[in-house]
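The next block holds one structure in the form of structure tokens; read it before the comments.
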Amino acid sequence: MSRELMWLTFTVILTGVLWIPYILDRVMVRGLWGALANPSRDDKPQTPWAQRLYFAHTNAVDNLVVFAPLVLILDNIGYSSRGTVIACAVYFWARLAHAIVYALGVPVLRTLAFCVGFIAQAALVLAIFGKL
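For the sequence shown, the positions run 100 to 231 when my numbering is used.
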């Protein structure tokens, strides 16, 4: 497995487990049966951090749809460089930071973490087209 695929795997795992904390919060706020029920307008609202983490998770899924194909394209064309490995690692850490600062409600750091992840994706695009 290439190092880029390793970082993609870590990113997929992170994205795959981000739902756990906000679902646990939902159980704590609404009880087990309330958490298992279909959503309704009368649901007791979750804690603010859990609501924010839900949005961070949705954002992570949206961005994984861009990141994963870029890594898979690099793997398919057989291209790997120090720059692509660093970009993939930076993307993972930026997504982790984004989830944490989003859940904590730190808007400026949240936006910076998002932008760092975007720049990492852009670096992968440049690598695919032979510019990195």
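Think of the CB as a built atom: it goes at the ideal place given N, C-alpha and C, for glycine as much as any other residue.
In this text, all values refer to a predicted model and were calculated from it rather than measured experimentally.
Between ALA202 and PRO120, the C-beta gap is smaller than 9 angstroms, which places the two residues in contact. Counting C-beta atoms within 10 angstroms of its own C-beta, GLY216 has 16 or more neighbours from the protein chains shown and is therefore classed as buried. In the structure shown, PRO138 adopts coil according to DSSP, grouped into three states. Runs of alpha helix (DSSP H) with 4 or more residues, each lying fully within the stretch 101-160, are found at 102-116, 118-135, listed in chain order.
If you ignore the 5 residues before and after VAL128, its C-beta comes within less than 6 angstroms of the C-beta of LYS143, GLN145, all in its own chain and listed in chain order.
Around the beta carbon of LEU169, a 10 Å sphere encloses 16 or more other beta carbons of the protein chains shown; the residue is thus reported as buried. Collapsing the DSSP output to three states places GLY216 in a helix. When the alpha-carbon of ARG151 is set against those of PRO138, ILE122, VAL126, the nearest one is in ILE122.
Short of 8 angstroms from the beta carbon of ARG125, and not among the five residues preceding or following it, lie these beta carbons of its own chain, in chain order: GLY133, ALA134, GLN145, ALA149. For PHE191, the enclosing alpha helix (DSSP H) starts and ends at 181-203. Taking 9 angstroms as the cut-off, the beta carbon of CYS187 is found no closer than this to the beta carbon of ALA159.
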